[in-house]
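Undergrad: My questions will all concern the structure given below.
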Amino acid sequence: MATVEKMPMLQMGYDKLNEQLRELKAERPLIVDAIEEARAHGDLSENAEYHAAKERQGQVEATIADLEDKLSRAQIIDPRTLSGDKVVFGATVTLLDEDDKPVKYQIVGQAEADAKLGMISYNSPLGRALIGRQIGEEVEVSVPSGDKFYLVDKIDFI
């Protein structure tokens, strides 16, 4: 049974998924051509090119279905329209770690999360710990390397 739960994401994440979908749909005719060419080589039971092309076709179709599902459930949120004193989806949060070193993260959807770029999913351990917090609150997060402690220093909606 497919889920109908909305997927919050930024416009950037929505555009990224749309681009991936467009690229995969453009690949479809190339896969069909590869299957036809491999089929022309004869015996399909020992035809590696045919089996590889059919496998790629299955992967592409599954990914297309997944992307179409995500896009149909997308709830695009513009952080610039948000305000308040609590951490919510789309907020950019400046935290102070245990050494009072500032770290900055934006709370985003799963499809656009990239910790190296400072974008963490609202479903990640840190994302879940931050949602609903206010400036001055301490946050404890359990990660594989141990417990981490942060202080919410600033909340921006940019």
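Once you know that position 75 of the sequence shown is 78 in this note's numbering, the rest is easy, because the numbers rise by one and skip nothing. Glycine included, C-beta positions come from ideal geometry on N, C-alpha and C.
#1: Where does Val96 fall in DSSP's three states?
#2: For Pro105, is the classification buried or exposed, using 16 other Cβ atoms within 10 angstroms of its Cβ as the cut-off for buried?
#3: Would Tyr17 be called buried (16 or more neighbouring beta carbons within 10 Å of its own) or exposed?
#4: Here's the rule I'm using: 16 or more other beta-carbon atoms within 10 Å means buried, otherwise exposed. How should Leu120 be labelled?
#5: The beta strand (DSSP E) spanning Asp150 covers which residue range?
#6: Under 6 Å Cβ to Cβ from Val144, same chain only, skipping five residues before and after it: list those, please.
#7: Whose CA, out of Glu49, Glu101, Leu27, His44, lies closest to the CA of Gly149?
TA: On the basis of the coordinates in this document:
#1: strand
#2: exposed
#3: buried
#4: exposed
#5: 149–159
#6: Pro128, Leu129, Ala132, Lys151
#7: Glu101
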